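Colleague:
Below, the structure written as structure tokens:
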């Protein structure tokens, strides 16, 4: 370590800004040769280990309970069945919880992204008074635990008769989604050149027109990312749903799954099927949209 | 096009060219854009947070119409609550373990993935998969794996002849907290991996070449090129993980319910139990205030850096 002089240590740090600007092709190393294959095998084994709980869950969900009990959880199934899924679906009340979660998603996510985009636009491109103060307050929301709001929100919803109703979740969900969405969107908006806005404005376009016909279409990559990430966190949210929803008819997937877990504690294959039913939409969405999720997370955190 | 240029010429004579969005200098339009989100944010986040602060000074049970102001009593009684002590210790352990392991494993995976590897997108996708699952589902999956009688973990131990080590992982004080942290590590490795991978891809390969020419060893290159270049990524990973680890609730609630006894209570679950099980809303909100103050204090540098970066 000490053979590297202090001067040669500083050089890399100084070179950092250049490094990030350099095109990806310049630094990408070609995957070739034996080293690549050994590394690939090592990583593939780690990956298989990492994903094995889900694989095991998938296999178990399709085997009869009797087979599971007879030969143990790690043996290869001697028979296959769909019965676990039909049992889990009806007893787990998934038709209802799916409907509620989907309803919440459709109600909350587009509204959340739209109002966040509007605020982000005001912060990034309009000269808003107290802009920095607003930004600070909103970004602080990233760090605020839900706990601090649950008692007052519970009281508020009870007093307006929206406790134990799916629409009652929309307000709190919106509020806790706003900080991240504004953070990502305003940083994206900032990168759009002022000149195009100026040109549109001179053409007589109102800020609203500029926002809807210029800014939003130009920002579709960021909007898609934010939509997806917001949909994932809305689908997965647990604490507010646990506190506000009490009747079975109003429960969302995570709360429903928790109940189901209790009911099926002695039926290990049915439990596996129920867990899969709860996560399949999110896994499929992730498979199809992973490019957006992975890219968005990195951009959101580093740029954002 | 020509009309646009004409208009621009006319405009330029009236307004200083530096000023943008002069239309909105009064700020009315800007505020109309900002208002919906700000209103929702204030009504459902800021106002309840302030109200919680007020409740924390009362002996409210969460149901009655009346309550008394008790000043700081909820706060001063916390140190003599053994569960609070336990929860604070658990929170600290949780924070350290569920940051250290994912950061180290995530960095190791990112460095391997940044090398000569085939199928990078698929591997990257697999390691991030647990992070998109609902925490309750993660809890269910691991509860299922930990099942003392039928779970895969004990079955595996018995199959390889280590049946003596098979135990009720979630059901005994000695292992419950560790058993809940394993799934947390499982699902948290993906995020640092992605960030580090992006950061590693940004490091100029010439630096490694130059270092190799200078005779620097692999470990020297790691400590003197890779680690310094990853400093911004470290900062973001640790800041976001820290924020996240204070919010721990779902996994513990769904896996152990704070038990056995109070072995896995953290501040979040203990707050919940006080409010919704023991009807001590005043005390519960005081716990929530403490968590929030600590979370904000720890993350203020991060929020500042984000705001400054954009306000500049």
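Protein chains in written order, with the numbering used here: chain A, 25 to 328; chain B, 43 to 354. Ideal placement from N, C-alpha and C gives every residue a C-beta, glycine not left out. Note that the coordinates shown come from a computational prediction; the quantities given were computed from them, not determined experimentally.
Taking the C-alpha atoms as reference points, what is the distance between residue 299 of chain B and residue 338 of chain B?
Modeller: Position 257 of the second chain, counted from the first residue, corresponds to residue 299 of chain B. Position 296 of the second chain, counted from the first residue, corresponds to residue 338 of chain B. Going by the C-alpha atoms only, they are around 26 Å apart.
Colleague: Which residue from B/111, B/117, B/223 puts its Cα closest to that of residue 142 of chain B?
Modeller: Within the second chain, the letter at position 100 stands for residue 142 of chain B. The option with the nearest alpha carbon to residue 142 of chain B is B/223.
Colleague: Quick check on residue 277 of chain A: does DSSP put it in helix, strand or coil?
Modeller: The residue given as residue 277 of chain A occupies position 253 in the first chain. Here residue 277 of chain A sits in helix by DSSP.
Colleague: Let me make sure I understand the geometry here. Which of A/106, A/139, A/102 has the alpha-carbon closest to that of residue 72 of chain B?
Modeller: Position 30 of the second chain, counting from 1, holds the residue named residue 72 of chain B. The candidate whose alpha carbon is nearest that of residue 72 of chain B is A/139.
Colleague: Could you check whether the Cβ of residue 144 of chain B sits closer than 9 Å to any Cβ belonging to chain A?
Modeller: For this step, residue 144 of chain B is matched to residue 102 along the second chain. For residue 144 of chain B, the answer is no, since every Cβ of chain A falls outside 9 Å of its Cβ.
Colleague: Would you mind listing the alpha helix (DSSP H) stretches within the segment 109 to 158 of chain B that are 4+ residues and don't spill past its ends, in chain order?
Modeller: Here the runs fully enclosed are 115 to 118, 124 to 155.
Colleague: Would a check of beta-carbon distances place residue 171 of chain A closer than 9 Å to chain B?
Modeller: As a working note, residue 171 of chain A is residue 147 in the first chain. True, the Cβ-Cβ gap to chain B drops below 9 Å.
Colleague: Just the Cα atoms here: how many angstroms apart are residue 240 of chain B and residue 272 of chain B?
Modeller: The count along the second chain starts at 1 and reaches residue 240 of chain B at position 198. The count along the second chain starts at 1 and reaches residue 272 of chain B at position 230. Using only the alpha carbons, I get a separation of about 10 Å.
Colleague: Residues of the segment 198 to 216 of chain B with a CB closer than 9 Å to any CB of chain A: list them in chain order, please.
Modeller: Against chain A - using a Cβ distance shorter than 9 Å - the residues of the segment 198 to 216 of chain B are 198, 200, 201.
Colleague: Of all the CB atoms in chain B, is at least one closer than 9 Å to the CB of residue 134 of chain A?
Modeller: Taking the first chain and counting its residues from 1, one reaches residue 134 of chain A at position 110. Closer than 9 Å: no.
Colleague: Return no unless some Cβ of chain B is closer than 9 Å to the Cβ of residue 260 of chain A.
Modeller: For the purposes of this step, residue 260 of chain A is taken as residue 236 along the first chain, with counting starting at 1. So, interface residue.
Colleague: Taking residue 167 of chain A as the query, report the chain B residues whose CB atoms sit under 7 Å from its CB, ordered along the chain.
Modeller: On the first chain, position 143 is the one that residue 167 of chain A refers to. Correct list: 285, 337, 338, 341, 345.
Colleague: Quick one: which unbroken alpha helix (DSSP H) runs of 4-plus residues sit fully inside the segment 191 to 218 of chain B? Chain order, please.
Modeller: Runs found: 194 to 201.
Colleague: If you draw a straight line from the alpha carbon of residue 132 of chain B to that of residue 307 of chain B, how long is it in whole angstroms?
Modeller: For the purposes of this step, residue 132 of chain B is taken as residue 90 along the second chain, with counting starting at 1. For the purposes of this step, residue 307 of chain B is taken as residue 265 along the second chain, with counting starting at 1. Taking the straight line from one Cα to the other gives about 7 Å.
Colleague: Give the list of continuous alpha helix (DSSP H) stretches no shorter than 4 residues that lie fully inside the segment 143 to 211 of chain A.
Modeller: The qualifying runs are 155 to 164, 171 to 183.
Colleague: Would residue 249 of chain A and residue 317 of chain A be called neighbours here (beta carbons separated by less than 9 Å)?
Modeller: Residue mapping note: residue 249 of chain A aligns to position 225 of the first chain, counting from 1. Residue mapping note: residue 317 of chain A aligns to position 293 of the first chain, counting from 1. In contact: residue 249 of chain A and residue 317 of chain A (Cβ atoms closer than 9 Å).
Colleague: Does the beta carbon of residue 189 of chain B sit closer than 9 Å to a beta carbon anywhere in chain A?
Modeller: For the purposes of this step, residue 189 of chain B is taken as residue 147 along the second chain, with counting starting at 1. Yes, contact with chain A.
Colleague: Along chain B, which residues have their Cβ under 8 Å away from the Cβ of residue 140 of chain A?
Modeller: Here residue 140 of chain A is taken as the residue at index 116 of the first chain, counted from 1. By Cβ distance, chain B contributes 79.
Colleague: Among all the DSSP beta bridges, which residues are the ones paired with residue 100 of chain B?
Modeller: Residue numbering aside, residue 100 of chain B sits at position 58 when the second chain is read from its first letter. According to DSSP, residue 100 of chain B bridges with B/111.
Colleague: My assumption, with CB atoms under 8 Å, is that residue 207 of chain B sits in contact with residue 199 of chain B. Please give the rounded CB distance.
Modeller: The residue labelled residue 207 of chain B in the question sits at position 165 within the second chain. The residue labelled residue 199 of chain B in the question sits at position 157 within the second chain. Right, their Cβ atoms sit about 5 Å apart.
Colleague: At which residues does the alpha helix (DSSP H) containing residue 107 of chain A begin and terminate?
Modeller: Here residue 107 of chain A refers to the residue found at position 83 of the first chain. Here the alpha helix (DSSP H) through residue 107 of chain A covers 107 to 115.
Colleague: Quick one: is residue 79 of chain A buried, meaning 16 or more other Cβ sit within 10 Å of its Cβ, or exposed?
Modeller: Residue mapping note: residue 79 of chain A aligns to position 55 of the first chain, counting from 1. Exposed.
Colleague: Assuming residue 129 of chain B and residue 292 of chain B form a contact by the criterion Cβ under 8 Å, report the distance between their Cβ atoms to the nearest whole angstrom.
Modeller: The residue given as residue 129 of chain B occupies position 87 in the second chain. The residue given as residue 292 of chain B occupies position 250 in the second chain. Incorrect: roughly 16 Å between the Cβ atoms, too far for contact.
Colleague: Apart from the five residues on each side of it in sequence, which residues of its chain come closer than 6 Å, Cβ to Cβ, to residue 316 of chain B?
Modeller: Residue 316 of chain B sits at position 274 when you count from the first residue of the second chain. Excluding positions up to five away in sequence, the list reads 322, 325, 326.
Colleague: I'd like to know if residue 260 of chain B contacts chain A, where contact means its C-beta is closer than 9 Å to some C-beta of that chain.
Modeller: Looking up residue 260 of chain B in the second chain gives position 218. Output row for residue 260 of chain B: interface = no.
Colleague: Residues in its own chain within less than 8 Å of residue 165 of chain A by CB, not counting five upstream and five downstream?
Modeller: What you label residue 165 of chain A is simply residue 141 of the first chain in a count that begins at 1. Cβ within range, chain order: 199, 200, 202, 203.
Colleague: Could you have a look at residue 262 of chain B and say whether DSSP puts it in helix, strand or coil?
Modeller: As a working note, residue 262 of chain B is residue 220 in the second chain. It is helical.
Colleague: Let me know the secondary structure DSSP gives residue 245 of chain B once reduced to three states.
Modeller: The sequence position of residue 245 of chain B within the second chain is 203, counting from 1. DSSP places residue 245 of chain B in coil when its eight states are reduced to three.
Colleague: Return helix, strand or coil for residue 261 of chain A, following the three-state DSSP convention.
Modeller: Start at 1 with the first residue of the first chain, and residue 261 of chain A comes out as number 237. Residue 261 of chain A: coil per DSSP, three-state reduction.
Colleague: For residue 104 of chain A, is the classification buried or exposed, using 16 other Cβ atoms within 10 angstroms of its Cβ as the cut-off for buried?
Modeller: Translated into the one-based positions of the first chain, residue 104 of chain A becomes position 80. With fewer than 16 Cβ atoms within 10 Å of its Cβ, residue 104 of chain A is classed as exposed.
Colleague: Within 10 Å of its beta-carbon, does residue 297 of chain B have 16 or more other beta-carbons around it, so buried, or fewer, so exposed?
Modeller: As a working mapping, residue 297 of chain B is identified with position 255 in the second chain. Residue 297 of chain B is buried by the Cβ-count criterion.
Colleague: Does the CB of residue 167 of chain B have a neighbour CB from chain A at under 9 Å?
Modeller: Locating residue 167 of chain B in the second chain gives position 125, counting from the first residue. Closer than 9 Å to some Cβ of chain A, the Cβ of residue 167 of chain B qualifies, so yes.
Colleague: Please confirm whether residue 31 of chain A has its beta-carbon closer than 9 Å to some beta-carbon of chain B.
Modeller: Counted from its first residue, the first chain places residue 31 of chain A at position 7. Bear in mind that a pLDDT of 30 at residue 31 of chain A, under 50, signals an unreliable position, so the model cannot answer this.
Colleague: Decide if the segment 299 to 307 of chain A is in contact with the segment 109 to 128 of chain A; the criterion is three or more beta carbon pairs, one per stretch, under 8 Å apart.
Modeller: Output reads yes: the segment 109 to 128 of chain A touches the segment 299 to 307 of chain A.
Colleague: Tell me which residue opens and which closes the alpha helix (DSSP H) that residue 316 of chain B is part of.
Modeller: By 1-based counting over the second chain, the position of residue 316 of chain B is 274. Run containing residue 316 of chain B: 309 to 318, per the alpha helix (DSSP H) assignment.
Colleague: Within a Cβ cutoff of 8 Å, which residues of the same chain sit near residue 342 of chain B, ignoring the five residues on either side of it in sequence?
Modeller: Residue 342 of chain B sits at position 300 when you count from the first residue of the second chain. Counting only Cβ-Cβ distances below 8 Å, and skipping sequence neighbours, we find nothing.
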